[in-house]
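Residue numbers (UniProt numbering): 1 to 444.
Each residue gets a CB set at the ideal place from its N, CA and C atoms; glycine is no exception.
Have a look at the structure below before the remarks.
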C-alpha cells in the first residue's frame, strides 16, 4: 500500500522515452458516489472542502504535517492527493501522473495521461519528486550574464532537438496547465471550476508552487495574473511590484521573470506590438521580430479572428527596460475554449465547447515539445475504454489525409472507440451512449 510521509525519501522521476502512438490506459477502480477524501484520519466530502476551505484549514494543515498528503477514497487502495497552498488557501490536487488510479467518476480521475508529449523529453528536462515538487530545465534562462542579456531568444529557441533535452516556454505552459488540471473538463459533481479567469488563475498559481528552474522557485519567478476585483482594484498591485522589483541587473547578472495571463488585445507600436492582458493594467512590449515568430509558431492561436468565446493565453519571458517597461524576450501562446481547455485550432475550440455542452468528461492531450508525436484531439474519459475524438480540418492536403488514415488504422488495430468530425459538416452526436468496441464512426 502506498504511503505519504512514511515513504522513503523523495525520489525523482525522469521523463524520457515514450511511444510514437497513443496507448490505451488501464481501467481504474469502481466509482463511488461523489468524491470523498481523507485528511489526517478524517473523511470529508470534496465539495464541502472546496466550498468552505477556511473551515477545514486546520485539518488540512494537520494532514500536511502528519501524512504529507491527502487520500482520495474513490477506490482502494486510496490514491494520494497533493496538498498545495497558495495565497492563504489550501488546495487538493491529483498526484503527478496518478490520474488513472482514481475511479472513473472521481473528480481527480484522468486516464488521458497516456496521450501526452511530456514523456518524450530526455532525462533532466523534467524531474518530478514523490513529494509533488518538480525541477524543469528551461531552454530559456531566467538569469543571464549582463553581456548576454540582450541576445534575442524568440518563440521556440534552440530548435526541436534542443527542446527535447530542455523544455521550451510552450512546454512549460503545457506543464503548468496539466499540473493545474486545466486540460480536463467534467460537469459531474462537485460542480465545475468557477467560470472565467477567476476559476483558472488560483489553480495556475498553485501549480507554480514546488516547481523550480535553474535554482529559482517558479512561485516567485512566474507572476500569474490574478483576477481583477472591482471592489479592490489595487489588491494585487503590491505583489506585482514585488515581482518586477526582482527584475534587472544584480551582481553581474540580469534577472528575468515569467508572466502568465490571457491576452485582451494586440496594438501596433513603432517598434512592434503592445500586448494588453485581461485583468491587468501594465502592458507588455513585443518586438516585431518576436511577434512574427509567434505568428509562425502558433498560427491558430495568433489568428486575427479568433473563435467566439475563445481565449488566447500567453506565457512571456520578460525583462525590465531602462524606462521601467516590461519587454518580452521570448514567449509561447496557446488557444483555449471558453472553459480554458486548450485547443490546437478554431475547429477544436468548437468541439471542446460542444463536448462541454454535452456534459462529457474529457481531456485535451498536450504536445509539449514533441512535435512528431501522434496524439488524438480529445479523449473522453467517461467511457470504458476511453474514447478518442478527432477533428478533421485540413482535408485538402495529401499529407494531412495520410496522417488521418494512419490514425484511423491505429485506432482500429487497438480497438479504440473513435468519434470523428469532418469540420465541413455538422457536429456528430456527442451524447453519452453505450460505447462500441471500436473503430471509425463509433459512439460513446
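{"query": "Residue of 390, 353, 260 minimising C-alpha distance to residue 328", "result": "260"}
{"query": "Close Cβ partners of residue 158 (< 6 Å) along its chain, the five nearest in sequence each way excluded", "result": "With a pLDDT of only 41 at residue 158, under 50, the local geometry of the prediction cannot be trusted, and the value read off the model is given with reservation. Answer for residue 158: 139, listed in chain order."}
{"query": "Option in 273, 332, 258 with minimal Cα separation from residue 174", "result": "332"}
{"query": "contact_flag[the segment 121-128, the segment 42-58] where n(CB pairs < 8 Å) is 3 or more", "result": "no"}
{"query": "Outcome for residue 77 when other beta-carbon atoms lying within 10 angstroms are tallied against a minimum of 16", "result": "exposed"}
{"query": "Contact set for residue 326: own chain, Cβ-Cβ below 6 Å, skip 5 residues either direction", "result": "284, 318"}
{"query": "Option in 48, 290, 357 with minimal Cα separation from residue 272", "result": "290"}
{"query": "Residue 345 - DSSP class collapsed to helix/strand/coil", "result": "coil"}
{"query": "Extent of the continuous alpha helix (DSSP H) to which residue 419 belongs", "result": "Careful: residue 419 lies outside any alpha helix (DSSP H), inside the beta strand (DSSP E) at 418-422."}
{"query": "8 Å Cβ cutoff met for residue 115 and residue 365", "result": "yes"}
{"query": "Given residue 227 as reference, the closest of 48, 201, 56, 61 once Cα atoms are compared", "result": "201"}
{"query": "Inter-residue spacing [alpha-carbon to alpha-carbon] between residue 35 and residue 44", "result": "9 Å"}
{"query": "Of the listed residues 278, 265, 187, 305, nearest to residue 286 (C-alpha basis)", "result": "265"}
{"query": "Alpha helix (DSSP H) segments (min. 4 residues) lying fully within the segment 274-330", "result": "288-297"}
{"query": "Spatially closest choice to residue 304 from 279, 337, 342, 346, by CA coordinates", "result": "346"}
{"query": "Own chain partners of residue 269 with C-beta closer than 8 Å, once the 5 adjacent residues on each side are dropped", "result": "285"}
{"query": "Contacts around residue 106, its chain only, beta-carbon distance under 7 Å, and the 5 residues preceding and following it disregarded", "result": "31, 35, 72, 74"}
{"query": "Reduced DSSP category for residue 95 - H, G, I as helix; E, B as strand; rest coil", "result": "coil"}
{"query": "Alpha carbon of residue 429 to alpha carbon of residue 178, nearest angstrom", "result": "28 Å"}
{"query": "Residue 122 - DSSP class collapsed to helix/strand/coil", "result": "coil"}
{"query": "Exposure label - residue 376; buried when at least 16 CB within 10 Å", "result": "buried"}
{"query": "Counterpart residues of residue 356 in DSSP-defined beta bridges", "result": "DSSP, once it has assigned bridges, lists no residue as partnering residue 356."}
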